[in-house]
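These notes concern the structure reproduced below.
In this note's numbering, the protein residues as written are 3 to 124.
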């Protein structure tokens, strides 16, 4: 599942509720695209279109970690954002820091979050 999620995020031309649903499912929030709780139909948070939602996800699933977003400064990289997350404890092993790259900042950060969580699980 995680490889499919990372691939789908990396190939996305735009954020979508479908991707947000995959993220919600991966992090155990809910199954599928929409789910019911009582009489209310719930939809996932807009992780792929809202940097605020992506930051909230990082704070929720990577307790005590830091996050960052930077943008390339020249050439082709100028169109791409780098999301990264790293543990709040110092020093930390270099391989603990995770990155995500995408033209949309929210997706770049979500990619880094998913990779960090997967590294933590393995």
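Virtual Cβ for every residue (Gly too), placed ideally from N, Cα, C.
Would you list the residues sitting across from residue i in a DSSP beta bridge?
i	result
residue 83	73, 104
residue 88	68
For residue i, which residues of its own chain have a beta-carbon under 7 Å away from its beta-carbon, when the five flanking residues on both sides are left out?
i	result
residue 10	21, 24
residue 18	50
Determine the burial state of residue i: buried for a count of at least 16 other Cβ atoms within 10 Å of its Cβ, exposed for fewer.
i	result
residue 123	exposed
residue 59	buried
residue 28	buried
residue 96	exposed
residue 65	exposed
residue 30	exposed
residue 92	exposed
Express the C-alpha separation of residue j and residue i in angstroms, rounding to a whole number.
i	j	result
residue 111	residue 46	17 Å
residue 16	residue 89	29 Å
residue 12	residue 114	11 Å
residue 63	residue 53	15 Å
residue 98	residue 86	11 Å
Go through its chain and collect everything with a Cβ distance to residue i's Cβ below 8 Å, but skip five positions before and after it.
i	result
residue 14	21, 50, 104, 106, 109
residue 94	88
Below 6 Å CB to CB, which residues in the same chain sit around residue i once its five sequence neighbours on both sides are set aside?
i	result
residue 117	100
residue 55	47, 48, 49
Within 8 Å (strictly less), CB to CB, does residue i reach chain D?
i	result
residue 93	Looking at the structure shown, chain D is missing, and only one protein chain is on hand.
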